[in-house]
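Undergrad:
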Amino acid sequence: NAGVTQTPKFQVLKTGQSMTLQCAQDMNHNSMYWYRQDPGMGLRLIYYSASEGTTDKGEVPNGYNVSRLNKREFSLRLESAAPSQTSVYFCASNNRGGDEKLFFGSGTQLSVL
Amino acid sequence: SQQGEEDPQALSIQEGENATMNCSYKTSINNLQWYRQNSGRGLVHLILIRSNEREKHSGRLRVTLDTSKKSSSLLITASRAADTASYFCATDRNQFYFGTGTSLTVIP
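Residue numbers (our numbering), protein chains in the order written: chain A, 1 to 113; chain B, 1 to 108.
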């Protein structure tokens with residue numbers, strides 16, 4: 001099993017550019033999440049999708065949009081990247097109502113210049 | 001912030017010693033989980049303790065939960081160099097809120 005797959009692993013953007021981070025899971029999980037990790041801040045929830053067809057804001061949603069394309073895929077879009085969005089982004093999924101534990105992708109390191 | 005707080009921020013011990021890290025949080029929870037992150041990698045689930053449990057064991061890991069004090073501790077016994085990583089607590093209150101982490105270094 002691949003688990004949670006994120007692409008790309010690294011990306012450099014210029015301020016104002018847009019991009020989409022892709023995430024796919026093959027564990028038939030109902031819930032998916034996007035986090036950002038900054039030094040000294042731990043992980044902060046950007047958006048989550050409790051089930052296919054639903055999305056909700058987390059702690060730090062400003063500047064981001066998401067799409068739950070189907071049960072497997074959950075994408076994160078930066079419409080106009082800003083230097084403050086330089087971070088490491090993690091996608092995660094779990095079976096809400098089941099064993100609850102989160103499975104994480106390997107992360108996307110994003111730099112906005 | 002709705003994050004938990006881990007304590008200490010950094011911990012350095014000799015191989016074979018025990019490592020204890022603590023997590024405090026602010027509101028009621030459904031469960032609390034601990035995760036490990038090796039440098040440059042994603043987080044890996046270690047153990048989950050539900051709000052009605054007080055202690056749980058898994059191999060060399062022991063987790064306690066005190067809901068009256070809103071705190072949890074993770075004990076790693078007989079540490080190994082391979083345990084070197086960052087450890088995070090995550091509180092489950094409909095969403096998962098992560099702490100800022102404890103960086104553990106185990107010296108061979």
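Each residue gets a CB set at the ideal place from its N, CA and C atoms; glycine is no exception.
Going by alpha carbons, who is nearest to SER106 (chain A) out of B:GLY40, B:ASN18 and B:SER12?
TA: When only C-alpha atoms are compared, the closest one is B:GLY40.
Undergrad: Does chain B have any CB closer than 7 Å to the CB of SER106 (chain A)?
TA: Yes, SER106 (chain A) counts as interfacial toward chain B.
Undergrad: What runs of the beta strand (DSSP E), each 3 residues or longer, lie entirely inside the stretch 33 to 106 of chain B?
TA: Complete beta strand (DSSP E) runs here, min 3: 43 to 50, 55 to 58, 61 to 66, 71 to 76, 85 to 93 and 95 to 98.
Undergrad: With respect to the beta strand (DSSP E) encompassing SER12 (chain B), which residues constitute its N-terminal and C-terminal limits?
TA: Element bounds for SER12 (chain B): 10 to 14.
Undergrad: In the DSSP output, what is ARG44 (chain A) paired with across the bridge?
TA: A:ARG36, per the DSSP bridge assignment.
Undergrad: Under the DSSP definition of a beta bridge, which residues are partnered with MET21 (chain B)?
TA: Note: MET21 (chain B) sits in a beta bridge opposite B:LEU74.
Undergrad: Check whether the Cβ atoms of PHE103 (chain A) and GLY3 (chain A) sit closer than 7 Å, and answer yes or no.
TA: Taking 7 Å as the Cβ cut-off, PHE103 (chain A) and GLY3 (chain A) qualify as a contacting pair.
Undergrad: In the DSSP assignment, what residue or residues form a beta bridge with MET19 (chain A)?
TA: DSSP lists A:LEU78 as partners of MET19 (chain A).
Undergrad: For LEU113 (chain A), count the other beta carbons within 10 Å of its own beta carbon; 16 or more makes it buried, fewer makes it exposed. Which is it?
TA: Exposed, by the Cβ-count rule.
Undergrad: On the three-pair Cβ rule with 8 Å, is the stretch 10 to 27 of chain B touching the stretch 69 to 86 of chain B?
TA: Contact between the stretch 10 to 27 of chain B and the stretch 69 to 86 of chain B is present, because at least three Cβ pairs lie under 8 Å.
Undergrad: Are there three or more Cβ pairs, one per stretch, closer than 8 Å when the stretch 14 to 26 of chain A is compared with the stretch 72 to 91 of chain A?
TA: In short, these stretches touch, since the Cβ pair count reaches three.
Undergrad: Out of curiosity, what's the CA-to-CA distance linking ASN65 (chain A) and SER80 (chain A)?
TA: Approximately 11 Å between the Cα atoms of the pair.
Undergrad: Express the C-alpha separation of GLY99 (chain B) and THR67 (chain B) in angstroms, rounding to a whole number.
TA: Approximately 16 Å, taken between the alpha carbons.
Undergrad: Using a Cβ-Cβ cut-off of less than 7 Å, give me the residues of the stretch 36 to 50 of chain A that come near chain B, in sequence order.
TA: So the close ones are GLY40, MET41, GLY42, LEU43, LEU45 and TYR48.
Undergrad: Hey, would you say LYS101 (chain A) sits closer than 7 Å to LEU61 (chain B), going by beta carbons?
TA: For LYS101 (chain A) and LEU61 (chain B), no; Cβs fall outside 7 Å.
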